[in-house]
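Per this note's numbering, the sequence shown starts with residue 9, numbered consecutively.
Inspection log for the structure reproduced underneath, given as structure tokens.
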Amino acid sequence: MKSRFAPSPTGYLHIGGARTALFAWAFAKKQQGRFVLRIEDTDAKRSTQESVDAILEGMSWLGLDYDEGPFYQTQRFGRYKAVIQQLLDNGKAYYCECSKQRLDNLRATLMKKGEKAMYDGCCRNKHLTSGVVRFRNPNDGIVSFEDAVKGRILVANKELDDLIIARSDGTPTYNLTVVVDDYDMDISHIIRGDDHINNTPRQINLYQALGWSVPKFAHLPMILGDDGTRLSKRHGAVSVMAYRDAGFLPEVLLNYLVRLGWSHGNQEVFSLDEIVSLFDLKDVNKSPASFNEEKLLWLNQEYIKNYTPEHLVKHLQWHLHQQKIDTSQGADLALVVASLQQRSKTLLEMVAGLKMFYQEFDTFDEKLANKWFKNKVPLEILIKKLSYTNIWKNEQIKTVIKQVCDELEVNFAKVGQPLRLALSGDGNAGNISVVAELMGKETTLKRLGRAIEYEC
Ligand code: GLU
9 MKSRFAPSPT GYLHIGGART ALFAWAFAKK QQGRFVLRIE DTDAKRSTQE SVDAILEGMS
69 WLGLDYDEGP FYQTQRFGRY KAVIQQLLDN GKAYYCECSK QRLDNLRATL MKKGEKAMYD
129 GCCRNKHLTS GVVRFRNPND GIVSFEDAVK GRILVANKEL DDLIIARSDG TPTYNLTVVV
189 DDYDMDISHI IRGDDHINNT PRQINLYQAL GWSVPKFAHL PMILGDDGTR LSKRHGAVSV
249 MAYRDAGFLP EVLLNYLVRL GWSHGNQEVF SLDEIVSLFD LKDVNKSPAS FNEEKLLWLN
309 QEYIKNYTPE HLVKHLQWHL HQQKIDTSQG ADLALVVASL QQRSKTLLEM VAGLKMFYQE
369 FDTFDEKLAN KWFKNKVPLE ILIKKLSYTN IWKNEQIKTV IKQVCDELEV NFAKVGQPLR
429 LALSGDGNAG NISVVAELMG KETTLKRLGR AIEYEC
């Protein structure tokens, strides 16, 4: 068994592409087969190295490893040329010199008559020696195949015109290269988006003309945005790496993607091992799947809540590096992460929450400072009592805050909030005695001192 992912490098790796890659990958893993990555870069005008890099980066971030490749179609032009020549030699293909104008007129005439715009085979028997190369599609009969998702599909050959397999400059087109590659790379299962389903009968005819056995096909349902139209940039982030940047875990994205068009009972949360052991093409839905950001966010939060802090620390490294936050000094990062786990929906939120443990903030939030730092008495007593506290633990710190409240005969907020603002700068912090413990006595007292000096 062998499957492949064959993206065209004309943009970043998007959600739909990643879902196709995941299904093809999970299929191969489950069958203990092989998974191939092939870059379909024959369209010189639209393919860029930047996109190739983005695809490789996306695959690597998601952990979709390939057993073979990446192969590049631009490195295989010699092979395609030989196959095109073979088809020409045995009469299965022919040159066509129809001008653009003739083809445009033909299309317009057919459309006017309400007929399908198809090439009329004008050059079929002219024995030309230059121009584009067209495949001589059979005139009669039907193409029939069993799609693993959509079921049996039948298309009459008279619905298919003679497709161009080489442009006039000799470069091959998609339908030719994909067949040659899938055959040469020994692909047994072609799993791809259903936007390609109309190409499949033509490709099957090519396999047959070349005397090659036809692989199995599975066409995945399309992914819709929340408004019911095909998922696109209009619906927000569709690039896989944008989700990394926004603080999603790669395994969350995979878990979410696997549910786009595939299900296993009502289960929503799948580990990667489960995806591999449970994945089956027969459970892929026929109908389109809907992409829902809110559900993805919910899933991210679930994973963050349930992971070990140590595991999250590993995932945070990239973000910490990006934001130039050095956590090698000061509070123990795993403990800080543990204190933030229950209230962070994304790794970015977590980074925002942990920053104050490792970096001085520029200034206090003015509105809050005017509210909580006007009366300096709670801060002064806190400083005095905390500097005598030798056991720097949550419980002891909490007791001190309570003592200050009792002494001033005020509620917890009147002391806790100034402390929270003093330590965080913006008032965003969790359980304040836990925060103070993690921050350490020295930094806590230093920041309280800074709060005292604040002029309202
Ligand atoms: N290169 C094609 C695309 O990116 C995929 C071809 C295929 O999977 O057969 O849409």
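Glycine included, each C-beta is placed from N, C-alpha and C at the ideal position.
Beta-carbon proximity of residue i to residue j, cut-off 8 Å
| i | j | result |
| --- | --- | --- |
| Gly269 | Val284 | no |
| Leu214 | Asn165 | no |
| Asp334 | Tyr366 | yes |
| Ala254 | Val157 | no |
| Glu450 | Lys401 | no |
| Gly50 | Gln94 | According to the sequence displayed, residue 50 carries Thr and not Gly. Contact flag unset, no. |
| Gln211 | Val246 | no |
| Thr478 | Ile172 | Residue 478 lies beyond the residue range present for the chain, which begins at 9 and ends at 464; the question has no answer from this structure. |
| Arg200 | Leu228 | yes |
| Met9 | Gln39 | yes |
| Arg12 | Ala32 | yes |
| Gly438 | Leu348 | yes |
| Val248 | Leu30 | no |
| Gly448 | Ala346 | no |
| Ser107 | Val140 | no |
| Leu431 | Val418 | no |
| Gly178 | Lys89 | yes |
| Arg428 | Ile440 | yes |
| Arg87 | Val222 | no |
Proximal residues to residue i (C-beta, below 6 Å), its chain only, five neighbours per side dropped
| i | result |
| --- | --- |
| Lys100 | Arg144 and Ala217 |
| Pro15 | Gly25 and Ile63 |
| Leu261 | Tyr251 |
| Ile460 | Lys384 and Leu387 |
| His327 | Leu355 and Val359 |
| Pro78 | Leu45 and Ile47 |
| Glu154 | Arg160 |
| Ala377 | Tyr462 |
| Pro426 | Trp380, Pro386 and Leu387 |
| Leu136 | Tyr103 and Glu105 |
Span of the alpha helix (DSSP H) around residue i
| i | result |
| --- | --- |
| Lys89 | Phe85 to Asp97 |
| His323 | Pro317 to Gln330 |
| Ala125 | Per DSSP, Ala125 belongs to no alpha helix (DSSP H) and is neither H nor E. |
| Arg27 | Ile23 to Lys38 |
| Leu72 | First-last for Leu72: undefined, no H or E at that position. |
| Phe420 | Phe420 to Ser432 |
| Ser347 | Leu341 to Leu348 |
| Ala459 | Lys449 to Glu461 |
| Val284 | Leu280 to Leu286 |
Same chain, Cβ closer than 7 Å to residue i, five either side skipped, listed in chain order
| i | result |
| --- | --- |
| Val412 | Pro386, Ile389, Leu390, Lys393 and Val423 |
| Val344 | Leu362, Phe365 and Leu446 |
| Ala342 | Pro317, Glu318 and Val321 |
| His272 | Leu286 and Asp291 |
| Lys313 | Gln349 and Gln350 |
| Thr117 | none |
| Val163 | Ile150, Val151 and Pro209 |
| Asn308 | Phe256, Leu257, Val260, Lys353 and Thr354 |
| Glu123 | none |
| Leu289 | Phe35, Ala156, Val157 and Ala226 |
| Gly263 | Inspection of the sequence shows that residue 263 is occupied by Asn rather than by Gly. So the list reads Val277, Phe278 and Leu307, once near-sequence residues are dropped. |
Boundaries of the beta strand (DSSP E) in which residue i is found, first to last residue
| i | result |
| --- | --- |
| Phe299 | Where Phe299 is concerned, there is no enclosing beta strand (DSSP E), given that its DSSP letter is neither H nor E. |
| Arg142 | Val140 to Phe143 |
| Leu45 | Arg42 to Ile47 |
| Ala14 | Run containing Ala14: none; DSSP gives neither H nor E here. |
| Ala360 | Taken as a continuous stretch (DSSP letters only), Ala360 belongs to no beta strand (DSSP E), being part of the alpha helix (DSSP H) at Leu355 to Leu362. |
| Cys104 | Ala101 to Cys104 |
Residue-chain proximity (residue i, chain B), Cβ-Cβ < 8 Å
| i | result |
| --- | --- |
| Lys375 | Looking for chain B here will not work: only one protein chain is present. |
Same chain, Cβ closer than 8 Å to residue i, neighbours up to 5 away in sequence not counted
| i | result |
| --- | --- |
| Glu259 | Gly71, Ser279, Leu280 and Tyr311 |
| Leu305 | Lys353 and Thr354 |
| Met119 | Ala125 |
| Val408 | Leu390, Lys393, Leu394 and Thr397 |
| Cys464 | Ala377, Asn378, Phe381 and Lys382 |
Any non-hydrogen atom of the ligand FAD within 7 Å of residue i CB
| i | result |
| --- | --- |
| Ala62 | Annotation note on the ligand FAD: not contained in the displayed structure, which lists the ligand GLU as its ligands. |
Worksheet item: Is it a yes or a no for the region 66-74 touching the region 91-107, going by three-plus beta-carbon pairs under 8 Å?
Response: Cβ pair count under 8 Å is below three, so no.
Worksheet item: Using 8 Å as the threshold, is the region 293-300 in touch with the region 228-243, meaning 3 or more CB pairs across them?
Response: With the rule of 3 Cβ pairs closer than 8 Å, the region 293-300 counts as touching the region 228-243.
Fill in: Sequence ranges, alpha helix (DSSP H) only - wholly within the region 237-261, length at least 4
Counting only runs of 4 or more, we get 248-253.
Worksheet item: Taking contact to mean at least 3 C-beta pairs separated by less than 8 Å, is the region 26-44 in contact with the region 131-149?
Response: Of all C-beta pairs linking the region 26-44 to the region 131-149, fewer than three are shorter than 8 Å, placing the two stretches out of contact.
Worksheet item: Can you give, in chain order, each stretch of the beta strand (DSSP E) that sits fully within the region 147-234 and has at least 3 residues?
Response: The qualifying runs are 150-155, 159-164, 172-174, 197-201 and 224-228.
Fill in: Start-end ranges of the alpha helix (DSSP H) lying completely within the region 371-407, minimum 4 residues
Taken in chain order, the complete alpha helix (DSSP H) segments of 4 or more residues contained in the region 371-407 are 374-380 and 385-395.
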